[in-house]
Amino acid sequence: MTLKTFPYTSLTEKGETGTVYAAEPVCKFFLKDNDGSGSLFSMFMLLQSQVQFKTWTHLKDVILEGKDAFSSAHGMECFEYIRSDERFGELFNRTMSEETSTMIMRKVLEVYKGFEDVNTLVDVGGGLGTIIGLVTSKYPHIRGINFDLAPVLTRAPFIPGVEHSAGDMFVEVPNGDAIFFKWILHDWDDEDCVKILKNCWKSLPIKGKVIILGMVMPIEPKSDDTSSNIMFGMDAFMLTQTSGGQERTLSQFEGLASRSGFIRCELICVAYSYSVIEFYK
1 MTLKTFPYTS LTEKGETGTV YAAEPVCKFF LKDNDGSGSL FSMFMLLQSQ VQFKTWTHLK
61 DVILEGKDAF SSAHGMECFE YIRSDERFGE LFNRTMSEET STMIMRKVLE VYKGFEDVNT
121 LVDVGGGLGT IIGLVTSKYP HIRGINFDLA PVLTRAPFIP GVEHSAGDMF VEVPNGDAIF
181 FKWILHDWDD EDCVKILKNC WKSLPIKGKV IILGMVMPIE PKSDDTSSNI MFGMDAFMLT
241 QTSGGQERTL SQFEGLASRS GFIRCELICV AYSYSVIEFY K
């Protein structure tokens with residue numbers, strides 16, 4: 001958070017001077033989301049939480065011993081901890097499903113046109129359904145299926161055009177002509193991603209597609225490129241969160257697509273530091 005300093009001259013006869021402070025324009029992105037436009041507030045609070053600070057102190061366990069830093073720090077895997085710590089779990093779900101996701105998804109809907117020809121869209125790991133609700137709001141012809149674990153969906157509200165469906169993506173995925181992932185595959189190693197994507201392949205018709213919203217890493221970091229710095233920072237963050245968690249290059253996404261049975265992988269567009277990628281059956 002940054003503040004701007006303004007010298008000013010008092011209106012009193014003494015002509016006294018003093019200093020006032022005002023938030024820089026960038027600070028608007030960190031305000032609580034009161035108008036539905038999205039905010040980075042929850043993401044900021046999540047990254048600066050004591051839970052995450054403690055996790056970073058175990059980075060050496062990943063590098064030297066190949067252990068899961070989050071488990072080393074908290075005695076359980078990340079997603080198990082999210083379910084056990086109500087306060088942290090609420091913050092995590094708000095970050096993934098509401099404020100930050102809303103800001104990014106609104107940008108995606110401005111630049112990505114791939115939902116126009118979709119009739120049934122499945123959002124895998126869709127949380128409370130906020131994101132797929134944004135899609136069906138813009139494209140009311142779409143039948144939306146918000147797919148997540150049953151405990152997550154107990155708090156999911158009614159959303160017009162959206163059906164909440166409980167299940168496990170490692171077992172099966174609901175049928176649809178398009179399947180959407182937002183910030184999901186970076187939680188898992190390649191083998192787990194292939195398991196999930198093969199289930200998607202089974203649930204898609206011929207010419208169906210998987211739509212992935214995530215970061216696409218450059219081959220090498222670029223010190224003068226803000227997006228590059230964000231991506232490599234997030235890659236390091238994912239390294240601490242889950243066993244095998246990582247951001248991927250386009251070549252790595254192509255490898256996942258091929259191993260899962262898809263005939264083509266294509267990077268469609270970019271929204272902020274995130275990319276939209278399509279796998280075609």
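Position one of the sequence shown corresponds to residue 1 (the UniProt record's numbering), numbered consecutively onward. Think of the CB as a built atom: it goes at the ideal place given N, C-alpha and C, for glycine as much as any other residue.
- At a Cβ-Cβ threshold of 7 Å, residue 122 and residue 160 do not count as neighbours.
- A straight-line Cα-Cα distance of about 36 Å links residue 31 and residue 192.
- Assigned with DSSP and collapsed to three states, residue 164 falls in strand.
- Secondary structure of residue 216 (DSSP, three-state): strand.
- When beta bridges are read from the DSSP output, residue 248 appears opposite 216.
- Contact fails between the stretch 176-194 and the stretch 149-163, because fewer than three Cβ pairs, one in each stretch, are under 8 Å apart.
- Per the C-alpha coordinates, the member of 76, 26, 68 and 28 positioned closest to residue 239 is 68.
- Residue 216 and residue 256 do not touch by the CB rule: their CB atoms are close to 12 Å apart, not below 8 Å.
- Counting only runs of at least 3 residues, the stretch 46-133 fully encloses the following beta strand (DSSP E) elements, listed from N- to C-terminal order: 120-124.
- Just so you know, the alpha carbons of residue 214 and residue 252 end up roughly 13 Å apart.
- Between residue 260 and residue 188, the gap from beta carbon to beta carbon reaches 7 Å or more.
- Residue range 190-203 is occupied by the alpha helix (DSSP H) that includes residue 203.
- A direct Cα-to-Cα measurement between residue 135 and residue 203 gives close to 20 Å.
- Residue 92 places its beta carbon less than 7 Å from that of residue 82.
- No residue range can be given for residue 142, since it is assigned to no alpha helix (DSSP H) and is classified by DSSP as neither H nor E.
- The same chain holds no residue with a CB closer than 6 Å to that of residue 154 once the five nearest residues on each side in sequence are set aside.
- The three-state reading of DSSP puts residue 155 in coil, since its state is none of H, G, I, E or B.
- Taking 7 Å as the cut-off, the beta carbon of residue 129 is found closer than this to the beta carbon of residue 156.
- Around the Cβ of residue 63, a 10 Å sphere holds fewer than 16 other Cβ atoms; the residue is exposed.
- With fewer than 16 other beta carbons inside 10 angstroms of its own, residue 47 counts as exposed.
- Per DSSP, residue 149 has no beta-bridge partner at all.
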